[in-house]
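Q: Residue numbers (my numbering), protein chains in the order written: chain A, 4 to 328; chain B, 3 to 339.
Every residue, glycine too, gets a C-beta built ideally from N, C-alpha and C.
Sharing a structure, written as structure tokens. Questions coming.
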Amino acid sequence: MSIDTRKVIKNAYRVTRVRGKTALRIRVPGGHIETRFFSLIDEIASKYGDGTAHITTRQGLELPGIDFENIPEINKMIRPLIESLGLAVEVTDTGYPAAGTRNICACIGNRVCTFANDDTTTLAREIERMVYPNNLHFKIAVTGCPNDCIKAYMNDFGIICTVEPVYDQSRCISCGACVENCAKAVTGALAMKDFSVERNREICIGCGECVRKCPTGAMTRSHTKSYRMVIMGRTGRKNPRMAETFLKWADRESILAIVRNAYTFVERHIDRGLDKEHVGYIVDRTGYPTFREEVLQDVRLDEKTLVAEHIDWSGYRYTNDAGLR
Amino acid sequence: MGYQLSREQFDRFLDRLKEDYRVFGPALDEDKGALSDSDRITYKEVSRLGELVLDRKSYFSPKEIFYPLRETLFRFCDGEITVPAIDEKKTAILLRPCDINGIDRLDTIFLENGPSEDFYYKRRRDKVRFFMIECTTGFDSCFCVSMNGGRTDRWDVAFRFGEQILAEVKSEELEPYFAGCAQQPFEPQFVTENSKKVRLPEVADITADVFKHELWSEYTARCIACGRCNTSCITCSCFTMQDAAFGAEGKMGERRRTWAGCHINGFTDMAGGHRFREPKGDRMRFKTMHKINDYYRRFGKHQCVGCGRCEDVCPQYISFARCINTLSDVTRERKSK
Ligand code: SF4
Ligand code: SF4
Ligand code: SF4
Ligand code: SF4
Ligand code: SF4
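Structure follows, in structure tokens:
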């Protein structure tokens, strides 16, 4: 059997442990899929696969047990799925155009969750259309609030939707619900002074919980939304680590522009000798200041946006295992 | 006198009116819901018909217009005391019959429940004119018919909003603003049936032992004391006082009053750190008894007018109407025993 595995992988199929069998990875940006596709997925899995689908850690669907020779036929069938992504490129009968940039993950966001500060599905789809197809290895996730159910902190780019609370003293009845909750469950950014609430913006994380707790509408949402961007979190065999804060109170346009610029940054610095070098390792080589300078190029950050001066990713280095006793 | 106004005429009527009145009505507060990407209908100053939202119930009641959430009663500075002035303009409020009745319940508390009228309430309340929005169907959570709260004749002008707007003017002082509008007599109709119905317990049957009934414990488990049922209620009138001193010597400062509510933590705090009604069920009982028992015993009418807001806003899906019905069943059962 002759298979060009690189080509197959770029086409979103995998080399699996069963010789001759592959698995198709279906992208589900934001983890939100229209159920009308279920019958199509069922048809593919029943006819060509083993009748099962695996829900992947990145919220896609993986159909195992497929014969390589059926790829062309399946690629024709999945055309509506690819069309539904609304990509900028022309959709053909040849299947997914790339696989390097992973499915954009998102928590359920404000379509359902009461904590959410934004519609994460829409944002994830917007990012998908902006960055995909691309063979560079990027992991991007969007989470609706700092609870971070999607684990944005384990991604190269984690986008945390936030909101800046607006306080209207004339509506405040000094009940203390916002203050108490922020102290108990968040960062303690609020304090009651002379029966009015003061917010320490430096440690407010924009979770929006004070707004949800306020019974009078004294704490409300600002009209514009803002985002925290955390970067270069990863798992893997060298140095797993949580992402660290890059931007706080950033605007939507800027975070999108930064993700776009990050692709250019990787194109420029990637070590072509390595097999798909990861953006996090590239930043390890170039240093954070170079990364910051290049991705912020031509980005007009909102004036309230804060940018990290230094970032010190630590995480665990597996070589430290040598110290285990 | 009755009038018929086109939508454009109504806007011109508002223009004329606004020279002498501040006009408030239910309007959209964009992005100001507690949850993201959600709006809230609140009472705002309006100047155009298009700003009015008439197909949804307002989240907060109109009481805040003349009974502010936080009001400075007086300021003191080096022994001198000043009472802040208020806007001299009169106030026109577009509101539904249940809210007019609700304001009657507030009036009773602030103006009739003691040896003297409440000065701060009265000076604002005297300026208020009721522009009744005809309401014949209500909304899902309304139970005004059961509470006798859906019908009133205490309006200054009654409006029926449609492609054409009908207005019946009762108050002489408002006639001139309708000059030039076509005459058309109109009699406002009222809601005669709500889908939600409440069976009130006989006040005489509510005895002290009902206070200890287990029905309240459900609310201890469910209520989170968020206070929304109090702050959205047209008839909740409770307030607390605040004294704030400014400056190093404390010779400058102000006394304020702010809304308070029986479900909210701290409502029963007393000197010496005493507090009671810690279990939320006790708070629910206290509220219920005030709304449909004590108030009636004192004033011969129920405090609750059945506007249903407390149910609309409760994050725990606690229905006050269901609570009243449960109480009713319990008292009837006890009586029959
Ligand atoms: S991260 Fe926040 S918005 Fe998203 S599901 Fe979790 S709690 Fe809800
Ligand atoms: S948004 Fe969150 S962190 Fe900021 S003050 Fe409100 S509760 Fe505290
Ligand atoms: S929750 Fe609202 S009313 Fe209560 S103290 Fe905070 S801002 Fe004031
Ligand atoms: S208790 Fe509930 S239904 Fe009754 S007047 Fe108050 S908010 Fe309306
Ligand atoms: S709105 Fe509901 S949960 Fe909140 S205090 Fe009232 S009954 Fe309790």
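1. Answer yes or no: does any C-beta atom of chain B fall closer than 8 Å to that of A:P218?
2. Do you know how far the Cα of A:D197 is from the Cα of A:Y170?
3. With DSSP collapsed to three states, give me the class of A:C207.
4. Could you check which residue in B:R58, B:D41, B:E73 and B:F12 has the C-alpha nearest to that of B:L51?
5. In this structure, does DSSP put A:M222 in helix, strand or coil?
6. Can you look up B:V212 in the DSSP assignment and give me helix, strand or coil?
7. Quick check: the Cα distance between A:R244 and A:E212, rounded to an integer number of angstroms?
8. Please list, in chain order, the residues of the segment 225-249 of chain B that have any C-beta partner in chain A closer than 7 Å.
9. Give a yes or no on whether the minimum CB-CB distance between B:K65 and chain A is below 8 Å.
10. Can you give me, in chain order, the residues of the segment 260-272 of chain B that have a beta carbon less than 8 Å from any beta carbon in chain A?
11. Determine the direct distance from the alpha carbon of B:R131 to that of B:I83, and round the result to whole angstroms.
12. State the CB to CB distance for the pair B:V307 and B:T260, rounded to an integer number of angstroms; the pair is presumed to be in contact (CB under 8 Å).
13. What are the start and end residues of the beta strand (DSSP E) that includes A:D197?
14. Under 8 Å, do A:R61 and A:C116 count as touching if we go by C-beta distance?
15. Closest to B:C347 by CA distance: which of B:R279, B:Y297 and B:R334 is it?
16. Once DSSP output is grouped into helix, strand and coil, what is the label at A:G179?
17. Where does B:F145 sit, in a helix, a strand or coil, going by DSSP?
18. At a Cβ threshold of 8 Å, is A:V214 touching chain B?
19. Would you mind giving the Cβ-Cβ distance between B:A227 and A:R215, rounded to the nearest angstrom? I have them listed as a contact below 8 Å.
20. Identify, in the order they occur along the chain, each residue of the same chain with its Cβ nearer than 6 Å to the Cβ of A:I314, setting aside the five sequence neighbours on each side.
21. Taking 7 Å as the cut-off, is the CB of A:G209 close to at least one heavy atom of ligand 3?
22. Pairing CB atoms from the segment 250-269 of chain A with CB atoms from the segment 126-137 of chain A, are three or more of them under 8 Å?
23. Are A:I208 and A:V189 touching if we call contact CB-CB under 8 Å?
24. Quick check on the burial criterion: 16 or more other C-beta atoms within 10 angstroms. Buried or exposed for A:R275?
25. If I follow the unbroken alpha helix (DSSP H) through B:D109, where does it start and stop?
26. List, from N- to C-terminal side, the beta strand (DSSP E) runs of 3 residues or more that fit wholly inside the segment 145-219 of chain B.
27. Taking 8 Å as the cut-off, does the segment 301-319 of chain A touch the segment 229-243 of chain A (at least 3 CB pairs, one atom from each stretch)?
28. Hey, is B:I326 close to ligand 4, as in C-beta under 7 Å from one of its heavy atoms?
29. For A:E296, which of helix, strand or coil comes out of DSSP?
30. Could you confirm whether any beta carbon from chain B is found closer than 8 Å to the beta carbon of A:H35?
31. With a threshold of 8 Å on Cβ separation, who are the neighbours of A:H281 within its own chain once the five nearest residues in sequence on each side are excluded?
32. Can you determine whether any heavy atom of ligand 4 sits closer than 7 Å to the C-beta of B:S234, and answer yes or no?
33. Could you give the C-beta distance for A:A180 and A:P218, rounded to a whole number, given that I count them as a contact under 8 Å?
34. Return yes when the Cβ of A:V166 is within less than 8 Å of the Cβ of A:R224, no when it is not.
35. When the Cβ atoms of the segment 76-95 of chain B are set against those of the segment 117-136 of chain B, are three or more pairs found closer than 8 Å?
36. Given this structure, state the Cα-to-Cα distance separating A:A186 from B:V205, to the nearest angstrom.
A: So, from the data block:
1. For the purposes of this step, residue 218 of chain A is identified with residue 215 of the first sequence, where counting begins at 1. Chain B has a Cβ within less than 8 Å of the Cβ of A:P218.
2. Residue mapping note: residue 170 of chain A aligns to position 167 of the first sequence, counting from 1. Residue mapping note: residue 197 of chain A aligns to position 194 of the first sequence, counting from 1. Taking C-alpha positions only, A:Y170 is separated from A:D197 by approximately 15 Å.
3. Residue numbering aside, residue 207 of chain A sits at position 204 when the first sequence is read from its first letter. In this structure, A:C207 counts as coil in the three-state DSSP scheme.
4. Stepping through the second sequence from its first residue, residue 51 of chain B is reached at position 49. Residue B:F12 is the option with its Cα nearest to B:L51.
5. For the purposes of this step, residue 222 of chain A is taken as residue 219 along the first sequence, with counting starting at 1. If DSSP states are grouped into helix, strand and coil, A:M222 belongs with the strands.
6. For the purposes of this step, residue 212 of chain B is taken as the residue at position 210 of the second sequence. Of the three classes helix, strand and coil, the one that applies to B:V212 here is helix, per DSSP.
7. Reading the first sequence from its first residue, position 241 is the one you call residue 244 of chain A. Reading the first sequence from its first residue, position 209 is the one you call residue 212 of chain A. Cα to Cα, A:R244 sits roughly 28 Å from A:E212.
8. C228, G229, R230, T233, Q244 and A246
9. Within the second sequence, numbered from 1, the residue matching residue 65 of chain B stands at position 63. No, B:K65 lies away from the interface with chain A (no Cβ there is under 8 Å from its Cβ).
10. Correct list: T260, W261, A262, G263, I266, N267 and G268.
11. Locating residue 83 of chain B in the second sequence gives position 81, counting from the first residue. Locating residue 131 of chain B in the second sequence gives position 129, counting from the first residue. Taking the straight line from one Cα to the other gives about 31 Å.
12. Here residue 307 of chain B is taken as the residue at index 305 of the second sequence, counted from 1. Here residue 260 of chain B is taken as the residue at index 258 of the second sequence, counted from 1. About 23 Å; that fails the 8 Å criterion.
13. The count along the first sequence starts at 1 and reaches residue 197 of chain A at position 194. A:D197 -> no beta strand (DSSP E), and no H or E assigned at all.
14. In the first sequence, the residue the question calls residue 61 of chain A occupies position 58. In the first sequence, the residue the question calls residue 116 of chain A occupies position 113. No. Outside cutoff.
15. Here chain B covers residues 3 to 339 and nothing more, so residue 347 of chain B does not appear.
16. Sequence index remark: in the first sequence, residue 179 of chain A carries index 176 (1-based). Correct three-state label for A:G179: coil.
17. Counting from one through the second sequence, the residue named residue 145 of chain B turns up at place 143. Look at B:F145 here: in three-state DSSP terms it is coil, with no helix or strand label.
18. In the first sequence, residue 214 of chain A corresponds to position 211, counting from 1. Answer yes: the Cβ-Cβ gap between A:V214 and chain B drops below 8 Å somewhere.
19. In the second sequence, the residue the question calls residue 227 of chain B occupies position 225. In the first sequence, the residue the question calls residue 215 of chain A occupies position 212. In fact, because the Cβ distance is near 14 Å, the residues do not count as touching under 8 Å.
20. Residue numbering aside, residue 314 of chain A sits at position 311 when the first sequence is read from its first letter. The residues are E247 and Y291.
21. Translated into the one-based positions of the first sequence, residue 209 of chain A becomes position 206. False, no ligand heavy atom lies under 7 Å from that Cβ.
22. Counting Cβ pairs under 8 Å, three or more are found: they touch.
23. For the purposes of this step, residue 208 of chain A is taken as the residue at position 205 of the first sequence. For the purposes of this step, residue 189 of chain A is taken as the residue at position 186 of the first sequence. Result yes, Cβ atoms of A:I208 and A:V189 sit closer than 8 Å.
24. Mapped onto the first sequence, residue 275 of chain A falls at position 272. The residue in question, A:R275, is exposed, as its Cβ has fewer than 16 Cβ neighbours within 10 Å.
25. Within the second sequence, the letter at position 107 stands for residue 109 of chain B. Counting along the chain, the alpha helix (DSSP H) containing B:D109 begins and ends at P99 to D109.
26. 159-162 and 167-171
27. yes
28. Residue mapping note: residue 326 of chain B aligns to position 324 of the second sequence, counting from 1. No, since every heavy atom of ligand 4 falls outside the 7 Å radius drawn around the Cβ of B:I326.
29. The residue labelled residue 296 of chain A in the question sits at position 293 within the first sequence. Looking at A:E296 - three-state DSSP - the assignment turns out to be helix.
30. In the first sequence, counting from the first residue as 1, residue 35 of chain A sits at position 32. A:H35 does not count as touching chain B.
31. Along the first sequence, one-based indexing puts residue 281 of chain A at 278. For A:H281, where only same-chain residues beyond five positions count, the Cβ hits under 8 Å are H140, D159, R237 and G239.
32. Sequence index remark: in the second sequence, residue 234 of chain B carries index 232 (1-based). Yes, Cβ of B:S234 sits closer than 7 Å to a heavy atom of ligand 4.
33. Reading the first sequence from its first residue, position 177 is the one you call residue 180 of chain A. Reading the first sequence from its first residue, position 215 is the one you call residue 218 of chain A. Confirmed, Cβ separation roughly 7 Å.
34. Residue numbering aside, residue 224 of chain A sits at position 221 when the first sequence is read from its first letter. Residue numbering aside, residue 166 of chain A sits at position 163 when the first sequence is read from its first letter. Yes; because the gap between Cβ atoms is below 8 Å, this pair is in contact.
35. The way I'd put it, the segment 76-95 of chain B does touch the segment 117-136 of chain B; three or more beta-carbon pairs between them come closer than 8 Å.
36. Taking the first residue of the first sequence as position 1, residue 186 of chain A is located at position 183. Taking the first residue of the second sequence as position 1, residue 205 of chain B is located at position 203. Straight-line Cα distance between these residues: approximately 44 Å.
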